[in-house]
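Protein chains in written order, with our numbering: chain A, 22 to 330; chain B, 22 to 330; chain C, 22 to 330; chain D, 22 to 330. Virtual Cβ for every residue (Gly too), placed ideally from N, Cα, C. One structure is given here, and the rest of the page talks about it.
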C-alpha cells in the first residue's frame with residue numbers, strides 16, 4: 022500500500038470563516054475528513070451545470086430548525102428535485118401559518134405534556150392546537166382542488182401555491198418550479214387530512230403517478246447528484262429510479278447517524294448502492310456519520326462561500 | 022426513591038430453553054431487562070383476546086432470514102394487522118418463486134459485484150436476474166387485475182392470492198385474512214413494476230384509500246397493541262391513526278438500533294409517543310435497543326413457549 | 022462472486038432450547054448470523070485444549086446482572102485470563118458483601134437521587150452508603166498487606182482471597198487460580214480506596230509489573246483466543262501484548278454497541294486488529310453489534326449446551 | 022409546560038465566520054442546539070478565571086488530526102489539567118519525531134496491510150517501522166531517568182521535556198506546566214516500552230501516586246469545569262475525584278458518539294453524573310452526540326473567536 026496522503030492536523034484561529042474551518046478539516050481523518058470531502062463533492066456537484074441535483078430530506082429536520090437552510094437552497098438553485106417525508110412538509114406548513122415550534126429538554130413527563138396538549142419531537146415542542154389551524158388550511162386547499170385525479174407532486178405544488186411565506190420549503194419549491202415528491206404522503210398528517218376530506222368529498226391521489234415523471238427526470242439528466250439527509254423513503258426513492266434507467270448517480274453525499282450493521286437501507290453505505298447500479302463505479306461519494314443538524318449547516322456554509330452565493 | 026427491585030444476576034445452565042434464558046434475563050438491567058420485559062408485554066398482549074395486534078416490519082428483515090418467523094406469526098394468530106415496507110414484500114415474493122438470497126461478508130468490492138450482476142444488502146447477496154422472474158410474476162398479476170381503482174391493501178391481497186408458497190408473508194396473510202398495508206409501496210420495486218405496467222395498461226392505485234379502513238380498525242378495537250420492528254414508515258403509520266381516534270395503544274414494543282438524540286421518528290422513544298396520545302398514559306411499553314434479527318427470534322421463541330403454540 | 026451459502030430463514034417452535042434458537046439463527050444474516058457464528062467460534066475455542074482463553078470485560082456488566090455468568094465461566098474453565106475494569110470489580114466486591122444493586126427506570130431526577138443518596142448507572146441504582154461498607158472492607162484488606170511492592174494482579178488476588186462469596190468474580194478467579202488484570206485500577210473506587218489508605222500507610226502498587234507475566238502468558242500459549250465484551254482498556258490490553266510476541270490471536274469474538282466510524286478502539290473491527298498482527302490472518306473472528314447483556318447470555322447458554330457443562 | 026423558547030431556523034450566508042455559523046445553530050434543536058450550547062458553556066468556563074479547566078481526551082484524536090488543536094489549547098491557557106489515553110500520547114510522540122500518519126479508506130485488505138507493515142486505525146495508516154524510531158526515543162528517555170519511583174505524571178513530564186516539537190501535546194503541556202495524567206498508561210505502547218526497559222533496568226512507575234495530587238487539584242479549585250472528548254478512562258478519572266471531595270463540577274461538556282442505553286460510562290449522560298455528585302445540581306452541562314473530530318474544531322473555533330485568541 023502506498024501511503025501518500027498525510028494527515029494534516031487542523032489548525033484553528035480566532036477569525037476563521039466557516040469555509041476555512043472546513044478547509045482545516047480537509048487533512049483530517051474520521052468524520053472531519055469525510056465532512057471536508059462532502060463539501061468538496063457538493064461544490065463540484067453544484068458547479069456541474071449538466072448535473073441534475075436531487076435532495077433527499079428525512080428526519081425531523083424542519084422541527085429542528087433546518088427549514089430556512091433548505092428553502093434557501095431551493096431559492097438559490099442548489100436543488101433541482103426534492104424528495105422528502107410528509108412530516109417535514111406538515112411542519113413546514115405549520116410554520117408558514119405563523120405557528121411556531123419550541124425548544125426544551127427531552128427529559129420531560131410525556132404524560133403531563135399530553136395533559137397540557139403539547140406534542141414532543143425529542144427536544145422540540147408543539148402545541149396540539151396548531152393542528153387545528155393546520156386542518157383549516159388543508160381543508161381549504163383541498164376544497165379548491167378540482168375532481169381530477171392528482172399525483173402527489175401535483176397536490177404538493179397546489180399547496181405550495183397557497184402558502185404565503187417565503188421561508189417555506191413548499192413555497193420556495195413552488196416559486197422556483199422545483200418538483201417535490203413525497204412517496205409516503207399518506208403516512209403523515211397531510212395524509213390524515215386527505216382522508217378526512219375524502220370522507221365527504223371526492224379526492225383521488227394516485228400512488229404511482231409520480232413515478233413516470235421522476236424516472237423521466239433521471240432518464241433526461243446528463244449527470245446526476247444526490248444529497249441525502251437522513252435516509253428513509255427519500256433515499257430509497259431517489260436511488261431506485263436508477264434501477265430502471267441506464268444511468269447511475271455521479272455524485273452522492275449522505276448525512277446520517279444510522280449504521281450499516283443492522284442491514285437497513287438508511288444506514289447502508291453508498292458503496293452498497295454501487296452493487297445495485299444506483300451509484301456509479303466512478304462516482305464521487307461520501308457518508309458523514311454525525312448529526313445532520315450540525316453537518317448540513319457546516320457543509321452548506323462552506324459551499325456557499327466557495328460559490329459566493 | 023424507594024429501591025425495591027433487586028438486580029438478580031442471570032444464571033445459565035447447559036440445558037435451558039429459550040424461554041428460561043429470557044426468564045434468566047428478567048432480573049437484569051440494560052438490554053437484558055428490557056428484552057425480558059418485551060417478552061412479558063408481548064405475552065400479555067397476545068393473551069388479551071380483546072386486543073387488536075398490529076405488527077410493523079421495517080428494515081431488511083426478509084433478506085436477513087426473518088421471513089418464516091413473520092409468516093408463522095401470521096398463521097398462528099399473533100398478528101391481526103401487518104404494516105410493512107415494499108422492500109420486505111419484494112423479497113418475500115422473490116423467495117416465493119423459489120429464488121434464494123445468499124449470505125456472505127459485507128467486505129466486498131461492490132463495483133465487482135455490479136459487474137457480476139449481484140446486488141448486495143449488507144451481508145446478503147441477490148443475483149440481479151432474480152428480478153427478471155419477479156418482473157414476470159408481477160406483470161402477470163397486474164394483467165389479471167380489472168380496471169377498477171385499487172387500494173394498496175387490495176393489491177397486496179391479490180398478489181398474496183397468486184403466491185404458491187406457504188412460507189410467504191403475503192400468502193400467509195392472505196390465507197388468514199390479515200390485511201397488509203404498505204403506505205410507501207411506490208418506493209419499492211413493486212412500485213417500479215406498477216409504473217412499468219401502467220405505461221401500457223390502466224392501473225389505478227389510490228394513495229389514501231387504505232386510511233379509512235385502517236383508521237376504522239383502530240376505532241373498532243377494544244384494545245390495541247403494537248409490535249414495531251425497526252421504525253420507519255410502518256411505525257409512523259401504525260401510530261398516527263391514533264391521532265384521529267379517541268384511543269391510544271395499550272401495549273407497545275419496539276426493537277431498534279436507532280437512537281433518540283438525532284430526533285428522527287425511528288429512534289424516538291415510546292414515551293415521546295405518549296405526548297401525542299399515540300401510546301396511552303397507562304400503556305405497557307418497552308424499547309429494546311439491539312439488532313432485531315437477534316431480539317425478534319428470542320422474544321418470539323419465549324412467548325411461543327409460554328403460550329404453547 | 023460465487024453465491025453458495027443460502028439464507029435459511031429461522032424457524033421457531035414453542036419448546037426449543039436456547040441452543041436450538043441460536044442454531045435457527047445460523048442460516049440468517051446481519052446480527053443473527055453473526056451471533057450464531059460467535060457461538061460456533063466460542064465453542065471451538067473452548068474445545069481447543071491448546072488454546073489459552075482471554076476474557077475482556079468492560080462496561081457496567083456486573084451492575085447489569087452479568088456477574089454470575091462471568092463467575093461461572095471462571096469456575097467451569099471457560100476463562101484462563103481475565104482482564105476487566107475497576108468498576109466491574111468494585112461492584113463485584115459490593116455484591117459479595119451482601120449489598121445489592123437495584124433496577125428501575127433511567128427517566129429519573131438525578132438531583133433528587135443525589136439528595137436521597139442514591140447513585141445511578143443507567144437503570145441500575147445503588148445506595149451511596151454501600152460504599153461505606155466497601156471502604157471498610159477495602160481498608161481491612163489493605164491493612165493486611167505487607168510492605169512489599171505489589172502488582173495490580175497480586176492485589177486483586179489478595180482481595181479475592183478475602184471474599185466469602187462463591188458468586189464473586191474475584192473469588193471464583195482466586196479459587197481457580199485465574200489471574201485478573203486491571204490496568205486502569207487507579208481509575209476506580211478501588212483506586213480511590215488505595216489512595217485513602219496510602220495517605221497514612223505505605224502502599225506500593227506497580228503500574229507496569231503485570232505486563233511481564235501477561236506477555237509471558239501470550240508467549241507461552243500454543244494458541245490464543247479472546248472473548249471481548251465491550252471494548253475499552255481490556256480489549257486494548259489483551260490485544261497489545263501480541264505486538265511484542267510472535268503470536269496472533271487465533272480466535273476473537275467481540276460483543277459491542279460501539280461503531281467503527283468515529284475511529285476509537287472500542288468500536289474498531291477485528292479486521293483492523295489484523296493489520297497490527299493482533300489477530301491472525303487465518304483467525305476465526307466475529308463482532309456482534311448488539312447489547313452485550315443480551316448476546317453474552319445467549320452465546321454462553323448455547324455453548325454450555327454444546328459442551329454439556 | 023410553558024413554551025417560551027422558539028425554534029429559530031438557522032440562516033446561512035456565503036461569508037459567515039465559524040462563530041456566526043455556531044450562532045446560527047443556537048436557535049435550533051437536536052445536535053445543532055446542543056453544539057451551540059456547548060460553545061456557550063465552554064466560553065463561560067474559559068472566561069471564569071476561578072475555574073480549573075480539566076480536559077479529557079479519549080479516542081484516536083491525534084491520529085485523526087486533532088493534535089494541533091489540543092496543543093494550541095494547552096499553549097493558550099484553555100486547559101489546566103489534561104487526562105488522556107496512552108494511545109494519544111504514543112501518536113503525539115511519533116509525530117514529534119517527524120514521522121507522519123497517513124489517510125486512506127477503511128475499506129482495505131488488513132491482511133495485505135500486515136504483510137506490507139502498515140497498521141490501520143480506521144482510515145488512518147501508520148508504517149510499522151515508525152515504532153522502531155519510537156522505541157529508540159522511549160528507551161533513550163527511560164535511560165535518563167534516575168532510580169527513584171516515578172508517578173505517571175512525572176514520567177510524562179520528563180518525556181515532554183525531551184520532545185523538540187512545539188506542536189506536540191506533551192511538549193506544550195510541559196512548557197506551560199500543565200500536568201498530564203494517563204491512568205492506564207500500561208495499556209499502551211508506552212507501557213510496552215516501559216516493560217521492555219524494565220527487563221534490564223530498574224523502573225518503578227507507581228500506579229496510584231498521581232491520585233493524591235489530582236485530588237488535591239480538585240480540592241483546591243474554586244470552581245471546576247470538564248471538557249470531555251470521547252469518554253473512556255479520562256472521563257471516569259476526571260469525574261471520580263469528586264467522589265472524595267466536597268466539590269462537584271460546575272461546567273461539563275461531553276462530545277461522544279456513544280449512547281446511554283448499553284449502560285457503559287462513556288455513553289452515560291451528564292445527568293447520571295449528578296446522582297453521584299460528580300456534576301453539580303446547578304452545573305451547566307451538555308452532551309453533543311456527533312463525531313468529535315467535527316464538533317471539537319467547530320466549538321473551539323467559535324470560542325476562540327469570542328475570546329479573540
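Identify the continuous beta strand (DSSP E) that holds residue i and give its terminal residues.
i: residue 160/A; result: Run containing residue 160/A: none in the beta strand (DSSP E); it sits in the alpha helix (DSSP H), 151-164.
i: residue 275/C; result: 270-277
i: residue 219/C; result: Residue 219/C -> not in any beta strand (DSSP E); alpha helix (DSSP H) instead, spanning 210-219.
i: residue 114/C; result: Residue 114/C -> not in any beta strand (DSSP E); alpha helix (DSSP H) instead, spanning 107-117.
i: residue 78/D; result: 72-78
i: residue 245/A; result: 244-250
Here's the rule: buried if 16 or more other CB atoms are within 10 angstroms of the residue's CB, otherwise exposed. What is residue i?
i: residue 260/B; result: buried
i: residue 275/B; result: buried
i: residue 98/A; result: exposed
i: residue 305/B; result: buried
i: residue 151/D; result: buried
i: residue 79/B; result: buried
i: residue 241/B; result: exposed
i: residue 193/B; result: buried
i: residue 74/B; result: buried
i: residue 68/A; result: exposed
First and last residue of the alpha helix (DSSP H) that includes residue i?
i: residue 303/A; result: Per DSSP, residue 303/A belongs to no alpha helix (DSSP H); it is in the beta strand (DSSP E), 300-310.
i: residue 140/C; result: Per DSSP, residue 140/C belongs to no alpha helix (DSSP H); it is in the beta strand (DSSP E), 139-142.
i: residue 145/A; result: Not the alpha helix (DSSP H): residue 145/A falls in the beta strand (DSSP E), residues 145-148.
i: residue 61/C; result: 51-68
i: residue 88/C; result: 88-96
i: residue 176/B; result: 173-182
i: residue 253/D; result: 253-261
Assuming the contact rule is C-beta atoms closer than 8 Å, residue i and residue j should be a hit. Round their C-beta distance to whole Å, please.
i: residue 302/B; j: residue 132/A; result: 4 Å
i: residue 313/D; j: residue 82/D; result: 7 Å
i: residue 59/A; j: residue 249/A; result: That pair is no contact at about 11 Å.
i: residue 309/D; j: residue 55/D; result: 5 Å
i: residue 52/D; j: residue 247/D; result: With a Cβ gap of about 20 Å, residue 52/D and residue 247/D do not count as contacting.
i: residue 140/D; j: residue 297/C; result: 5 Å
List the residues of chain D that residue i touches, going by C-beta distances under 8 Å, in chain order.
i: residue 50/B; result: 284
i: residue 226/C; result: 227, 228, 229
Taking just the CA atoms, how far does residue j sit from residue i?
i: residue 26/D; j: residue 122/A; result: 9 Å
i: residue 125/B; j: residue 64/C; result: 21 Å
i: residue 325/B; j: residue 34/B; result: 21 Å
i: residue 286/C; j: residue 263/C; result: 16 Å
i: residue 266/D; j: residue 234/D; result: 13 Å
i: residue 17/B; j: residue 142/B; result: Because residue 17/B is not part of the residues shown, which for chain B are 22 to 330, the question remains open.
i: residue 329/B; j: residue 37/C; result: 11 Å
i: residue 311/C; j: residue 119/A; result: 44 Å
i: residue 199/B; j: residue 50/C; result: 27 Å
Can you pull the chain B residues whose beta carbon is under 8 Å from the beta carbon of residue i, in chain order?
i: residue 310/D; result: 280, 282, 283
Can you name the residues of chain C whose CB is closer than 8 Å to the CB of residue i?
i: residue 143/B; result: 50, 51
Applying a beta-carbon distance threshold of less than 7 Å, which residues of chain B neighbour residue i?
i: residue 117/C; result: Chain B residues near residue 117/C: none, gap ~12 Å exceeds 7 Å.
In chain A, which residues lie less than 8 Å from residue i when you measure between Cβ atoms?
i: residue 321/D; result: 33
What residues from chain B crowd round residue i, counting only those whose CB sits closer than 9 Å?
i: residue 287/C; result: Within 9 Å Cβ-Cβ: nothing; residue 287/C doesn't reach chain B, min ~16 Å.
List, in chain order, every chain A residue whose beta-carbon is nearer than 9 Å to that of residue i.
i: residue 233/B; result: 216, 219, 220
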